[in-house]
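Each residue of the sequence shown is one higher than the one before, counting from 259 in my numbering.
What follows is a short report on a single structure.
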Amino acid sequence: MSDVRVRFAPSPTGPLHIGGVRTALYNYLFARHAGGTFILRVEDTDQNRYVPGAEDYIVEALSWFGLTPDEGPGFGGDYGPYRQSERKDLYAQYAMQMVEQGNAYYAWDTPEDLDAMRKEDANAKYDASTRVKMTNSLTLSEDEVRSRLDNGAPFVIRLKMPENEDVKITDLVRGEVTFNTKDLDDKVILKGDGMPTYHLANIVDDHLMKISHVIRGEEWLSSTAHHVLMYRFMSWEAPQFSHLPLILKPTGKGKLSKRDGAKFGIPVFPLEWDPGKDEDIYSGFREFGFLPEAVINFLAFLGWNPGTEQEIFSITELIEAFSIKRIVKSGARFDYDKAKWYNQQYIINTDDDVLAKMIRSEVGPEYSNEYLAKACGLMKERVESVGDIAKVGDFLFGSPTEYDAKMIRKKYKEENDPHFEALTDALSKLDTFDAEHTQSAIKRYIGDNELSFGAIMPVLRLATSGTMKGPDLFEMMELLGRDEVLIRMKDGLGKIKDIKSASQS
Ligand code: GLU
Numbered sequence: 259m260s261d262v263r264v265r266f267a268p269s270p271t272g273p274l275h276i277g278g279v280r281t282a283l284y285n286y287l288f289a290r291h292a293g294g295t296f297i298l299r300v301e302d303t304d305q306n307r308y309v310p311g312a313e314d315y316i317v318e319a320l321s322w323f324g325l326t327p328d329e330g331p332g333f334g335g336d337y338g339p340y341r342q343s344e345r346k347d348l349y350a351q352y353a354m355q356m357v358e359q360g361n362a363y364y365a366w367d368t369p370e371d372l373d374a375m376r377k378e379d380a381n382a383k384y385d386a387s388t389r390v391k392m393t394n395s396l397t398l399s400e401d402e403v404r405s406r407l408d409n410g411a412p413f414v415i416r417l418k419m420p421e422n423e424d425v426k427i428t429d430l431v432r433g434e435v436t437f438n439t440k441d442l443d444d445k446v447i448l449k450g451d452g453m454p455t456y457h458l459a460n461i462v463d464d465h466l467m468k469i470s471h472v473i474r475g476e477e478w479l480s481s482t483a484h485h486v487l488m489y490r491f492m493s494w495e496a497p498q499f500s501h502l503p504l505i506l507k508p509t510g511k512g513k514l515s516k517r518d519g520a521k522f523g524i525p526v527f528p529l530e531w532d533p534g535k536d537e538d539i540y541s542g543f544r545e546f547g548f549l550p551e552a553v554i555n556f557l558a559f560l561g562w563n564p565g566t567e568q569e570i571f572s573i574t575e576l577i578e579a580f581s582i583k584r585i586v587k588s589g590a591r592f593d594y595d596k597a598k599w600y601n602q603q604y605i606i607n608t609d610d611d612v613l614a615k616m617i618r619s620e621v622g623p624e625y626s627n628e629y630l631a632k633a634c635g636l637m638k639e640r641v642e643s644v645g646d647i648a649k650v651g652d653f654l655f656g657s658p659t660e661y662d663a664k665m666i667r668k669k670y671k672e673e674n675d676p677h678f679e680a681l682t683d684a685l686s687k688l689d690t691f692d693a694e695h696t697q698s699a700i701k702r703y704i705g706d707n708e709l710s711f712g713a714i715m716p717v718l719r720l721a722t723s724g725t726m727k728g729p730d731l732f733e734m735m736e737l738l739g740r741d742e743v744l745i746r747m748k749d750g751l752g753k754i755k756d757i758k759s760a761s762q763s
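Okay, here's the thing in structure tokens:
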């Protein structure tokens, strides 16, 4: 194992967004590429935002994608516990240490005090210019501070940000990013209930868990200035930072949000999520019929590229090719058509019997595994999702429910009825009813009777499947079998006749 240790550190405040999956993926790829360790750490110190079921959802999603942590809750590891709520007694001492050093301070402001501060100036933040007017250990006398502490009055601990100082962050994606402390507030690091905030818990754990690289979303970039200062206050070496580009809406404008799922009819979560109460259930990529490998490939390219033309990458190839250097800075547009294209490529390359297992629950029990596998083989080049196999190919699982009236009007001529009857008869008499034999019988009949293919084949196809878009006619006939094909010829031709005459009257 190399010294590379990275962590995916979600907060269980809801289902894992697809952007979170990308963060997990990049951490995973980076760790595997370097022969390092991929850690799952659950950042659940904010009890108010805790959503039951969210942690299980995160673990299930990672497992669906095969992004298995080396360490984490339920995964073992020498640096646990990996749930911050189980580490809560550990953080306060570091906050105290910063207070003792003069880099942090106690504050007793009430919510009303804070409101009043903001009322005076809507842009006001708790910082060097306002802290002098507030109730904290910098403004109260030593005796007052002591007595408040002795009386157990609940306090928060705030970072004492230096005044007007440039804090430089060396980001492996963005280069050097500088924040001036005058733009940053005195963040709370320890809350009134004794729990750390994200900022404190995050740096303490990254330090104690020996995290070498922090790879996370761009939204954490400005917090990083606070983190860098805390590392300095604690005399700890900071990890290397990489902030990933935003994922933008399909329109390319603005950040992709969970509301975009319903708006654009696209999945924005990996798996189904039921928010409970009366809210709508969200379908995930899985329920939309995506293969996990296809989503991985799609997400890998949402903010990274290998610098070559190659687009299809197995997970092993991604591990091999991945580097932080090739992560882009600008936002990555969530191109749903591209996601579907990836899925199509992966469906084509998936074994028919694997696909068969996936669609088993969508079709009746009367179909054998062999039948299902053949149906998948016939349909897989024609669908964008696994679920479409049984939907687009519904004529393989029951007589057509619809017939393409436009094509019928164009292609069907009553004068050919005797030929359709004769062809049906010829099919009924074949010794072997497979693609090869049906094909040669039909072609021979067309040739012998000097008919055109265009007058016969489309009608046979319409009678069999109702649509011109299905798979190869003869393969389809072989799969359906003689009895079913003969029924469809009879019924289908009847319906075709009706549709044609209805259109003429
Ligand atoms: N808990 C943070 C989140 O939910 C983690 C940010 C980080 O990786 O530092 O995204």
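Note that beta-carbon positions come from the ideal geometry of N, C-alpha and C, so glycine has one too.
Could you say which of the options lies nearest to residue i if we only look at CA atoms?
i: P508; options: M375, I524, F499, G330; result: I524
i: Y384; options: R345, I647, L442, H471; result: L442
i: L234; options: K468, G519, G561, S541; result: It is not possible to answer for residue 234, since the shown part of the chain is limited to 259 through 763.
i: S269; options: G294, Y284, Y308; result: Y308
i: Q355; options: N422, G410, V462; result: V462
i: I577; options: I700, D689, L325, L654; result: L325
i: Y337; options: F571, K687, R265, E378; result: R265
i: K598; options: R640, T439, Y703, K687; result: R640
i: I316; options: V300, E329, D304, N306; result: V300
i: I647; options: K671, A614, H677, E679; result: A614
i: S343; options: F546, Y456, K583; result: Y456
i: F491; options: H465, G510, F499, M726; result: H465
i: K638; options: Q603, D662, E628; result: Q603
From which residue to which residue does the alpha helix (DSSP H) around residue i run?
i: A552; result: 550-558
i: A760; result: 740-762
i: K668; result: 663-669
i: T696; result: 693-706
i: F296; result: Note, F296: premise wrong, no alpha helix (DSSP H); beta strand (DSSP E) at 295-298.
i: L681; result: 675-687
i: V486; result: 479-492
i: I461; result: 456-466
i: H291; result: 276-292
Specify, as a first and last residue, the run of the beta strand (DSSP E) that residue i falls within.
i: Y594; result: Run containing Y594: none in the beta strand (DSSP E); it sits in the alpha helix (DSSP H), 594-606.
i: K426; result: 424-429
i: R416; result: 414-417
i: Q351; result: First-last for Q351: 350-358, but that is the alpha helix (DSSP H), not the beta strand (DSSP E).
i: S500; result: 498-502
i: G335; result: Taken as a continuous stretch (DSSP letters only), G335 belongs to no beta strand (DSSP E), as it is neither H nor E.
i: A435; result: The displayed chain sequence assigns Val, not Ala, to residue 435. Element bounds for V435: 433-438.
i: R263; result: 263-266
i: A365; result: 362-365
i: V586; result: Careful: V586 lies outside any beta strand (DSSP E) and carries neither H nor E.
Between the C-alpha atoms of residue i and residue j, what's the straight-line distance to the nearest angstrom?
i: E358; j: P550; result: 50 Å
i: M791; j: H485; result: Since the first residue of the chain shown is 259 and the last is 763, residue 791 is not available in this structure.
i: P564; j: F580; result: 7 Å
i: A374; j: G293; result: 53 Å
i: S395; j: A483; result: 24 Å
i: L506; j: A590; result: 6 Å
i: D610; j: F653; result: 18 Å
i: L502; j: D429; result: 10 Å
i: Y489; j: L274; result: 29 Å
i: V717; j: S761; result: 16 Å
i: F543; j: E530; result: 8 Å
i: V425; j: N601; result: 44 Å
i: H471; j: T574; result: 21 Å
i: N707; j: K596; result: 48 Å
i: E679; j: G534; result: 58 Å
i: Y661; j: V650; result: 13 Å
i: G645; j: L731; result: 22 Å
i: P528; j: K391; result: 48 Å
i: K758; j: N674; result: 13 Å
i: D726; j: I585; result: Note on residue identity: the sequence assigns Met, not Asp, to residue 726. Taking the straight line joining both Cα atoms gives about 44 Å.
i: G526; j: F571; result: Here residue 526 is Val; the residue named in the question, Gly, does not match the sequence. If I take the Cα positions, the gap works out to 22 Å.
i: D304; j: F499; result: 24 Å
One question on the structure: do residue i and residue j come within less than 8 Å of each other, judged by their Cβ atoms?
i: P327; j: F296; result: yes
i: T281; j: G475; result: yes
i: G450; j: F413; result: yes
i: R404; j: A365; result: no
i: M734; j: S723; result: yes
i: A558; j: L744; result: no
i: D671; j: A713; result: First, the amino acid is wrong: residue 671 is Lys here, not Asp. For K671 and A713, yes; Cβs fall inside 8 Å.
i: L709; j: I754; result: no
For ligand 3, is there a heavy atom less than 7 Å away from the beta-carbon of residue i?
i: E344; result: In terms of ligand content, the structure shown lacks ligand 3 and carries ligand 1 instead.
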